[in-house]
Amino acid sequence: MQNVEGEIKALENEIRRIKLLNSLGKLQLGEAKREIRILESRIKSLMEGLPAHQKEMMLLRKEFGKEF
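Residue 9 in numbering that gives the first Met the number 0 is what sits at position 10 of the sequence shown, and the numbering runs on without skipping anything.
Written out as structure tokens, the structure reads:
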């Protein structure tokens, strides 16, 4: 489970990095959107394998930015 959570956090960090590159003008908007969609779909597929209570905790953490 920790490994899955670590992978999800790494993908979220990659999304933040892509958004930063786009805001700096180093990545075009269309390319950034495409890469973000791919990463978000990978996050969703990883979350499918988690138990319901962990999915809920991950969603709360994402929404409120806290550790539960």
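Every residue, glycine too, gets a C-beta built ideally from N, C-alpha and C.
{"query": "Rounded distance between the beta-carbons of I7 and M57, thought under 8 Å", "result": "7 Å"}
{"query": "Rounded C-alpha distance that separates S40 from M46", "result": "10 Å"}
{"query": "For Q27, three-class secondary structure by DSSP", "result": "coil"}
{"query": "Span of the alpha helix (DSSP H), counted from its first residue to its last, around G48", "result": "No alpha helix (DSSP H) holds G48; DSSP gives it neither H nor E."}
{"query": "Whole-angstrom distance between Q27 and K61, CA atom to CA atom", "result": "26 Å"}
{"query": "Sub-9 Å separation of G64 and V3 beta-carbons", "result": "no"}
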